[in-house]
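Undergrad:
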DNA sequence: TACATATTTGTTATCGTTACAAATAAGGAA
DNA sequence: TTCCTTATTTGTAACGATAACAAATATGTA
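If you want it as structure tokens, here you go:
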């Protein structure tokens, strides 16, 4: 069981109830949600929750490296709990985003053609396994 | 000298003046522009040009594979003339996008963990060579 | 408990994009 | 060429995601 309060403190973020809940959600549901999805998921439990808070919180988390901001495809921003770098696959049929376990040589903190790399994203797009099987049947 | 009129026809797109000009721009300026940048660049020469036309045209081009839609970072859509797959680097300081010439094994048309890949993007983010040098001085 | 500060909230504004219908242009047939 | 049908373009209005802002609330500390 992770102490999210402690984890936020370690990243220099004062742990408010809203921040803890949002971080908890991102940790428990690895669905790469948008800001709005997170808001919708939490607003029942926290009726006074504001979207602005969700946006502000996600921004702060991303800046401090607690989570990662993904700009996968189609102009939509998604968020995920910061784990080891991995490949993302987005299905153009069902819209689902998969984590690919295959590892890759991450260029983070290296230099390429003189540019210093701080983030390295690999994004795939196509038809997912599940949609391929449905199409067959 | 490329015959853009012919090129559009080959892709099944009837070549209007607007379409030719937009394609020409994307071919001549490899700056990964946004739709708005393209509009701003062309509106002087074509005063009646509409933004809707630019958006519609870019969408049609991307669907037919004439250009590629890039969702690099920060929720912004950019476009580039369709060339061979390559790595993109975006500078977080100056915002410029660089093409990295280093090649990579593209997974296009292959399967990974059961998913069929149709697009393969590698996006880097960091401080570009030019900004690094400026910071030193 | 009280205070100063940080956070949250709700509203409003902004930006990129899309929907839509009217105006215009283009291409083919007579 | 001229007419006619169809596709394209245009301009406006609407939309959704995000950000700005100030007021309200909560927080941590003395």
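Chains as they are written, first to last, in the working numbering: chain H, -19 to 117; chain F, -19 to 117.
For every residue, glycine included, the Cβ atom is placed at its ideal position computed from N, Cα and C.
Candidates H:61, H:28, H:53 and H:56: which alpha carbon is nearest residue 41 of chain H's?
TA: What you label residue 41 of chain H is simply residue 61 of the first chain in a count that begins at 1. Answer by Cα proximity: H:61.
Undergrad: Starting from residue 105 of chain H, trace the alpha helix (DSSP H) both ways and give me its first and last residue.
TA: By 1-based counting over the first chain, the position of residue 105 of chain H is 125. No alpha helix (DSSP H) holds residue 105 of chain H; the beta strand (DSSP E) holding it covers 95 to 107.
Undergrad: What does residue 55 of chain F touch in chain H if you count any residue whose Cβ is under 7 angstroms from its own?
TA: The residue given as residue 55 of chain F occupies position 75 in the second chain. 51, 55 and 57, listed in chain order.
Undergrad: Anyone know if the C-beta pair for residue 87 of chain F and residue 68 of chain F falls short of 7 angstroms?
TA: Numbered from its first residue, the second chain carries residue 87 of chain F at position 107. Numbered from its first residue, the second chain carries residue 68 of chain F at position 88. Taking 7 angstroms as the Cβ cut-off, residue 87 of chain F and residue 68 of chain F do not qualify as a contacting pair.
Undergrad: Which residues, taken in chain order from the stretch 4 to 37 of chain F, show a beta carbon closer than 7 angstroms to some beta carbon of chain H?
TA: So nothing in the stretch comes that close.
Undergrad: Three or more C-beta pairs closer than 8 angstroms, one from the stretch 90 to 106 of chain H and one from the stretch 100 to 110 of chain F: is that the case here?
TA: yes
Undergrad: Hey, could you find the ends of the beta strand (DSSP E) residue 7 of chain H is sitting in?
TA: Start at 1 with the first residue of the first chain, and residue 7 of chain H comes out as number 27. DSSP places residue 7 of chain H in no beta strand (DSSP E) but in the uninterrupted alpha helix (DSSP H) bounded by -3 to 8.
Undergrad: Taking the C-alpha atoms as reference points, what is the distance between residue 1 of chain H and residue 22 of chain H?
TA: Position 21 of the first chain holds residue 1 of chain H. Position 42 of the first chain holds residue 22 of chain H. Residue 1 of chain H and residue 22 of chain H: Cα-Cα distance of roughly 8 angstroms.
Undergrad: Quick check on DSSP: helix, strand or coil for residue 111 of chain H?
TA: Taking the first residue of the first chain as 1, we reach residue 111 of chain H at position 131. Of the three classes helix, strand and coil, the one that applies to residue 111 of chain H here is helix, per DSSP.
Undergrad: Where are the alpha helix (DSSP H) runs, 4 residues long or more, that stay fully inside the stretch 21 to 85 of chain F, in chain order?
TA: Taken in chain order, the complete alpha helix (DSSP H) segments of 4 residues or longer contained in the stretch 21 to 85 of chain F are 31 to 44.
Undergrad: Count the other CB atoms, across all protein chains shown, that sit within 10 Å of the CB of residue 15 of chain F; report buried if there are 16 or more and exposed otherwise.
TA: For the purposes of this step, residue 15 of chain F is taken as residue 35 along the second chain, with counting starting at 1. Under this definition residue 15 of chain F is a buried residue.
Undergrad: Name the two residues that bound the continuous alpha helix (DSSP H) containing residue 90 of chain H.
TA: Taking the first residue of the first chain as position 1, residue 90 of chain H is located at position 110. Taken as a continuous stretch (DSSP letters only), residue 90 of chain H belongs to no alpha helix (DSSP H), as it is neither H nor E.
Undergrad: What in chain H is Cβ-close to residue 82 of chain F, meaning under 7 angstroms?
TA: One-based indexing of the second chain puts residue 82 of chain F at position 102. Per Cβ cutoff of 7 angstroms: 92.
Undergrad: Spell out whether any CB of chain F is found under 7 angstroms from the CB atom of residue 106 of chain H.
TA: Along the first chain, one-based indexing puts residue 106 of chain H at 126. Residue 106 of chain H counts as touching chain F.
Undergrad: Consider the Cβ of residue 103 of chain H: report whether some Cβ of chain F lies at a distance smaller than 7 angstroms.
TA: Counted from its first residue, the first chain places residue 103 of chain H at position 123. At least one chain F Cβ lies under 7 angstroms of residue 103 of chain H.
Undergrad: Give every residue of the same chain whose Cβ lies closer than 7 angstroms to the Cβ of residue 122 of chain F, excluding the five residues on either side of it in the sequence, and list them in chain order.
TA: Within the shown structure, residues of chain F are numbered from -19 to 117, placing residue 122 of chain F beyond reach of any answer.
Undergrad: With a cut-off of 7 angstroms, does the C-beta of residue 41 of chain H fall near any C-beta of chain F?
TA: Within the first chain, residue 41 of chain H is the residue found at index 61, counting from 1. So no, residue 41 of chain H is outside the interface.
Undergrad: Along chain H, in chain order, which residues have C-beta atoms closer than 8 angstroms to that of residue 60 of chain F?
TA: The residue labelled residue 60 of chain F in the question sits at position 80 within the second chain. Near residue 60 of chain F there are no residues of chain H at all, since even the closest Cβ is about 15 angstroms away, more than 8 angstroms.
Undergrad: I'd like to know if residue 99 of chain F contacts chain H, where contact means its C-beta is closer than 7 angstroms to some C-beta of that chain.
TA: The sequence position of residue 99 of chain F within the second chain is 119, counting from 1. It does: the Cβ of residue 99 of chain F has a partner Cβ on chain H nearer than 7 angstroms.
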